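Residue numbers (our numbering): -1 to 304. One structure is given below, encoded as structure tokens.
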């Protein structure tokens, strides 16, 4: 091989090596930008989130999700309904991304609380309701407990009309029912009777049944039924915020272990001002940020520290 040929081949090899090096640098830079931008790269990768199961929390999450997915078209969210107990069980078993619940994980048998991370999204009031034609507007805490325990069977016993009391309870596993039973019955057994699986269905049945009484999430209250004051206290946002109204629950979003990037972004949205300062109030819930009291898993009520 001639000397000139060796020189030419050496130059070609150098060009090839330098070209490869430049290409690798470009690829690294593009990759670095994509990693730095995080969600922008993920914007082209479909993400799937599944939530279960609180029916009280569902309307808020459904509305918030519509807004969220409009800005994040790569995220597909499925919302299953079926009660807080089912939601906690499913997230604990790794079957869903989030467990929606009106109760603390500590209140659900069979769930190990320290395996789940709690993200409180909102507060919902719980309100006793009666048929509009009944004419009862307020009852005492004791009377409410005795009604649902089955001690009172006719409204005449409470100064009302001569009508049998028809109790419409929520189904077992309902977070609203668990919260109501613990806060009203204090561990006592409720009277067995009619049951409905959601606040909406309980409301419809009370509206259609003379002498009926039930309870629902405040976000479901409308003019088809009459809300009942307890000890003369109105079931209002102002009274819930201060703890004056005794019946309320957190709307929890539980995650098992370390959340994914998509899960973190979704939680951050639900806890953002966009949801907390506007949508929550519009939907009949109360923002966590507005509460002046807080409730622990064992039912203790404490003032919120500034």
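Glycine included, every Cβ here is placed at the ideal spot set by N, Cα and C. Values in this document were obtained by computation on a predicted structure and should not be read as measured data.
Rounded to whole angstroms, what's the CA-CA distance from residue 186 to residue 180? Just pull it up for me.
8 angstroms
Residue(s) in a DSSP beta bridge with residue 96:
Partner(s): 49.
Alpha carbon of residue 166 to alpha carbon of residue 114, nearest angstrom
32 angstroms
Suppose only complete runs of 4+ residues qualify. What are the alpha helix (DSSP H) ranges in the segment 145 to 209, listed by chain order?
173 to 178, 197 to 206
For the alpha helix (DSSP H) containing residue 64, list its first residue and its last residue.
56 to 69
On the DSSP bridge list, what partners appear for residue 215?
124
So residue 237 is in the alpha helix (DSSP H); what residue range does that whole segment cover?
235 to 239
Using the beta-carbon count (16 or more within 10 Å), is residue 170 buried or exposed?
Of the other Cβ atoms in all chains shown, fewer than 16 fall within 10 Å of the Cβ of residue 170; this residue is therefore exposed.
Residues in its own chain within less than 7 angstroms of residue 138 by CB, not counting five upstream and five downstream?
229
By Cβ distance, which residues of its chain are closer than 7 angstroms to residue 349, with the 5 residues on each side in sequence left out?
In the structure displayed, the chain extends from -1 to 304; residue 349 sits before or after that span and is not available.
Consult DSSP for residue 264 and reduce its assignment to one of helix, strand or coil.
In this structure, residue 264 counts as helix in the three-state DSSP scheme.
Which of helix, strand or coil does DSSP assign to residue 293?
strand
Residue 68, buried or exposed, once every other Cβ within 10 Å from all chains shown has been counted against 16:
exposed
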